[in-house]
Every structure is written in C-alpha cells, then in structure tokens.
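Quick note on our numbering: the sequence shown kicks off at 2 and runs consecutively. Just so you know, even glycine gets a beta-carbon here, dropped at the ideal spot from N, CA and C. What follows is a set of notes on a single structure, which appears directly below.
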Amino acid sequence: MRLKDIGTVEAPQGSIQREGIREINFHLKADAIASFLTSKVRKEHIDCDSFNRLFFIPRIPNLLREEPQIKYKSLCVDVPIDWAAYEQVQDSAQGFGVFICDFYRLGIAYLRPEQGLPQETMLAWVDAFERAGYEHTGLFKKRVFRQVGLTAELHCKADFHAFQLRLIVKKGKETLLDEVILTEDPDPLLYHHKFKEIELRDGQIVVTMRLGQEFLFAKPVLDILPEACAGSV
C-alpha cells in the first residue's frame with residue numbers, strides 16, 4: 002500500500018470540547034500545507050503495510066491518545082494544540098505559518114519507527130513549505146493544441162487565505178494570456194468540482210468543469226492570438 006495523502010482532520014464529534022467553526026477554519030487554513038506535503042509524498046512512493054493516508058488530529062492535551070490509530074486505511078495521529086495560541090495568530094499569514102509548521106513538526110515527531118515513515122524527509126518538506134512563503138503552487142494541467150500552435154496550462158496556488166487557478170496560454174515562448182480564472186476560499190469542497198480539463202472547442206480555448214456542461218472559462222483563439230497570426234487560423 003502506498004502513502005498518497007497527508008493532512009489534518011477534525012477530532013470525532015463529541016470527543017473534545019468543540020468550538021466547531023474554530024476547528025473547521027483551522028482545517029481549511031491548513032489545506033495549503035496539506036496540498037504541499039501530499040504533492041511531495043506522491044513523488045516519493047512510500048510503501049506502508051496497512052494505511053495509505055496520514056492525518057494529524059488537533060486535540061487538547063488532556064484528551065490526547067497515546068498511540069496513533071489506523072482506521073479505514075488512515076493512520077491518525079493526535080497532536081496537542083493550544084487553541085488560545087491559534088486564535089492569536091489565525092489572521093496573520095506569518096503567524097499562522099509558523100504555528101501550522103510547528104504543528105506538523107510535532108505530529109511527525111509523534112510517529113513511531115515501526116510505521117516506517119521517513120520522518121527526516123517529512124520534516125525537510127515542512128521546512129521547504131516554510132521557505133516557499135507558506136504557499137503551494139503547482140501545474141495542474143498542460144495541453145498542446147498543435148492545430149493552432151498554442152500551449153495552455155492551468156496553475157494552482159494555495160495559501161492560508163485563498164485558492165487561485167491561473168490559465169496561461171503560450172505560443173512558443175511568448176505568453177499570450179495569463180489570467181486568474183478562479184479565486185475561492187481555501188476549501189477543496191468549494192473549488193474541486195469547478196475545473197477539470199483544458200480543451201479546444203469550436204475555435205475556443207475552454208476550461209471544463211467536473212459537473213455539468215458549463216465552462217469555467219472560454220475565450221476564442223482569435224482573441225488570444227496576435228493579429229499577425231490570427232489570419233492563419
């Protein structure tokens with residue numbers, strides 16, 4: 002079984018003195034580092050005996066479980082959290098960045114050697130996220146449309162405050178279009194279904210959605226190409 006996801010999850014209902022919205026906001030803000038670490042772990046090809054996901058669960062210290070537990074192919078690791086300290090830094094990108102990186106470092110320290118996870122490598126990933134300015138950026142999709150001589154790319158960017166999807170269209174090395182086509186709160190449930198593929202349809206560059214027939218974005222190729230090239234399409 003190969004590890005494919007790293008992230009945070011909320012503690013089970015009723016297991017702690019919940020503030021509800023506070024925990025949800027923490028989980029959503031942490032999506033950027035979860036996406037960053039997940040992208041790293043999928044390139045690393047880490048084999049595990051009985052789980053393929055790793056989740057760190059924030060808990061108040063007096064309700065911390067001593068041993069990580071495996072449920073539904075997920076290794077769940079309790080990590081102590083100071084909610085008062087979180088509330089002091091939750092609106093500061095720098096403050097929350099330090100807080101969430103320290104949270105993950107502590108969670109990684111709680112892993113057991115017998116679980117076979119590369120703790121030093123994972124700590125290095127957290128350091129890399131910190132050096133990247135607490136942002137996760139990556140290429141989601143790239144398509145080459147030779148019939149019109151264009152290359153189109155979808156780039157994702159996630160930080161603690163927002164998720165952005167950017168469409169870049171190039172002809173050779175020249176960038177003809179560079180546009181943010183989607184901005185959402187850092188909640189995958191909000192944005193995951195809103196984009197799927199880049200296609201060339203009826204003379205338009207379109208970005209399709211996962212659900213329904215509507216396009217997230219559509220623009221005629223003639224409006225993208227320089228005038229000198231448009232006549233040849």
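Distance CB(residue i)-CB(residue j) smaller than 7 Å
i           : j           : result
residue 122 : residue 57  : no
residue 7   : residue 55  : yes
residue 137 : residue 31  : no
residue 78  : residue 111 : yes
residue 197 : residue 126 : no
Boundaries (first-last residue) of the beta strand (DSSP E) holding residue i
i           : result
residue 54  : 54 to 60
residue 159 : 151 to 159
residue 172 : 164 to 172
residue 224 : Note, residue 224: premise wrong, no beta strand (DSSP E); alpha helix (DSSP H) at 222 to 225.
residue 179 : 175 to 185
residue 207 : 205 to 209
Burial state of residue i, where buried means 16 or more other Cβ atoms lie within 10 Å
i           : result
residue 145 : exposed
residue 24  : buried
residue 73  : exposed
residue 85  : exposed
residue 98  : buried
residue 48  : exposed
Residue range of the unbroken alpha helix (DSSP H) whose run includes residue i
i           : result
residue 189 : 189 to 192
residue 30  : 22 to 30
residue 101 : 94 to 110
Those residues which DSSP pairs with residue i across a bridge
i          : result
residue 78 : 57
residue 48 : 3
Alpha-carbon to alpha-carbon, residue j and residue i
i           : j           : result
residue 180 : residue 36  : 22 Å
residue 218 : residue 210 : 9 Å
residue 139 : residue 29  : 19 Å
residue 128 : residue 107 : 13 Å
residue 11  : residue 131 : 23 Å
residue 195 : residue 89  : 33 Å
residue 117 : residue 52  : 11 Å
residue 67  : residue 50  : 21 Å
residue 133 : residue 222 : 35 Å
residue 105 : residue 62  : 16 Å
residue 69  : residue 81  : 13 Å
Closer than 7 Å to chain B by CB, residue i
i           : result
residue 175 : Here chain B cannot be found, since the structure has a single protein chain.
Proximity test, residue i beta-carbon vs the ligand GDP heavy atom, cut-off 6 Å
i           : result
residue 126 : For the ligand GDP, the structure offers nothing, since it holds no ligand at all.
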